[in-house]
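Here's the structure, in structure tokens; my notes come after.
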Amino acid sequence: MVRIGLLLVILLMAIPQKASAWGVKAHAAIADLASTALTPAAQADVAVLLAADLDREGQPSGRTRLAEIAAWADEIREVAEPETYRGWHSRANPVCAETLAKCRNGHCADQLIRHYAAVLSDRQQSVRARNEALKWVVHLVGDLHQPLHVGVGPDRGLRRVVLGEDAGARPRTLHQVWDRELAILALARGPLQRPVQQAAYTPAVVEVWMREAREVSRTVVYASLPGAGCTTVAAEGPWLLDAAYQARAVEAIRLQLERAGARLAALLNASLQ
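Going by this note's numbering, the sequence shown opens with residue 93, and the numbers climb by one from there.
Here it is, written out as structure tokens:
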């Protein structure tokens, strides 16, 4: 099973990717999952907002599904100045700390989710503003469920690793592998589970999501790595991520994607009543 999955990863790596941070396919999977749990009122409002959707060039996009706008927040970074959206897609917390780090400039994923959820629910805002808020919310809820977007070790996720049994393969960073290759393996396992019932969205619950994702980073991303520690950076690798590591990672990623889908649905239902 692992070898079949790795073949899929190799084939997909040959296809140019526009986005990082879970990748296009994972963000689309989260959005599709959320779509199955929207209320009729939320579905109707989403349809109105998507009818006014513009692409990254500011032209009518013709997109009609949440999955089609899920990577927009990554797409616009390609045509913006490098500093414009720095820090927007994550909230870097030390993986072994008990408290959460401060958001230095207010432009962290959790703060922006709260902000754009408020814009989305405000009927006094323009359709254009609410459309962009929808696109940010759909994307950032996904980003906040990527463990390395919330909890990082001393290596900052830049440890060089090799996926699979081939020690001669091209090394990538730990963050890159979780964003892309491991997420592809997780999605190849089959359809994600329909979102379970979630508590109603409130701004305060975003902190719960962060703490949960950071715990996944601590116990799954880092715990099994050679030389992993809370105060030291391991010697330069690359380190091999074996089949056992991949299996744990795939299970964790599938759970995080399912959580993200359920929570995105809860947020949209609360914001689009």
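Glycine is no exception: its CB is placed at the ideal position from the N, C-alpha and C atoms.
Who are residue i's beta bridge partners in DSSP?
i    : result
R252 : T265
W331 : V253
P152 : L146
P186 : V244
What's the C-alpha gap between residue i and residue j?
i    : j    : result
R196 : R183 : 10 Å
S127 : V253 : 35 Å
L104 : P295 : Confidence at L104 is low in this model, with a pLDDT of 40, below 50, so the placement of that residue should be treated as unreliable; the coordinate-derived value is given next. About 37 Å.
H181 : Q217 : 24 Å
H241 : A280 : 22 Å
R272 : Q338 : 13 Å
L349 : R148 : 25 Å
Y208 : R351 : 20 Å
G243 : K117 : 22 Å
N361 : W331 : 43 Å
N185 : S309 : 10 Å
C322 : A189 : 9 Å
R264 : E173 : 25 Å
H199 : L232 : 12 Å
G115 : G282 : 17 Å
S153 : E170 : 17 Å
Measuring CA to CA, which of the options is closest to residue i?
i    : options                   : result
R262 : G198, Q348 and G329       : G329
A165 : W270, Y293 and A201       : A201
T191 : N223, R303, R286 and R206 : R303
K80  : G179, P283 and P318       : As displayed, the chain neither begins before 93 nor continues past 365, which places residue 80 out of reach and without an answer.
A292 : R157, R355, A163 and E173 : R355
K227 : D214, W301 and L141       : L141
A159 : A120, A133, P152 and G150 : A120
E307 : W331, L347, A335 and P318 : L347
T311 : L284, Q285 and R340       : R340
Q365 : V269, R286, Q203 and P132 : P132
P318 : L266, G198 and V230       : L266
A378 : G154, V229 and G198       : What the structure shows of the chain is the stretch from 93 to 365, and residue 378 is not part of that stretch, so it cannot be assessed.
L125 : A336, R286, G115 and G282 : R286
A278 : S153, Q268, V342 and A143 : V342
D247 : W270, A320, V171 and Q203 : A320
Are the beta-carbon atoms belonging to residue i and residue j less than 7 Å from one another?
i    : j    : result
Y314 : G245 : yes
I161 : A275 : no
A357 : L130 : yes
L212 : S363 : yes
G353 : I122 : yes
L333 : L255 : yes
V300 : I205 : no
P239 : A305 : yes
R155 : D145 : yes
Original post:
Using 8 Å as the Cβ pair cut-off and three pairs as the minimum, do the stretch 133-147 and the stretch 216-231 touch?
Top reply: yes
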